[in-house]
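*Asks:* Can you read through this structure? Questions will come right after.
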Amino acid sequence: MEQIAANTILIPADRSDDVIYDLLGRRLDAPQKGINIINGKKVIIR
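Position in the sequence shown (first residue = 1) + 33 = the numbering used here.
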């Protein structure tokens with residue numbers, strides 16, 4: 034069984050209205066594998 038931290042939010046990658054950044058503050062067109070900031074929240078994309 035895989036464990037995910039309680040503060041992790043999983044968001045589908047097909048949401049085009051979201052504002053997405055990487056950890057360096059660069060704006061992204063779509064979520065990338067790893068940690069992204071989507072609408073001001075840290076999100077892990079697997």
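Where a beta carbon is used, it is the ideal one built from N, C-alpha and C, also for glycine.
#1: Rounded to the nearest angstrom, how far is the Cβ of L57 from that of N69, given a contact under 8 Å?
#2: What residue from D55, D51 and Q65 has the CA that sits closest to D78's CA?
#3: Going straight from the alpha carbon of V52 to that of V76, what length do you get?
#4: I need the boundaries of the beta strand (DSSP E) containing V76, first residue and last residue.
*Replies:* Per the coordinate set shown:
#1: On the sequence shown, position 24 is the one that residue 57 refers to. On the sequence shown, position 36 is the one that residue 69 refers to. Not quite, the Cβ-Cβ distance comes to about 11 Å (not below 8 Å), so this is no contact.
#2: Sequence index remark: in the sequence shown, residue 78 carries index 45 (1-based). For the record, residue 78 in the displayed sequence is Ile; it is not Asp. Of D55, D51 and Q65, the residue nearest in Cα terms is Q65.
#3: By one-based count along the sequence shown, residue 52 stands at place 19. By one-based count along the sequence shown, residue 76 stands at place 43. The alpha-carbon atoms of V52 and V76 are separated by roughly 12 Å.
#4: As a first step, residue 76 must be located in the sequence shown, where it is residue number 43. Note, V76: beta strand (DSSP E), K74 to I78.
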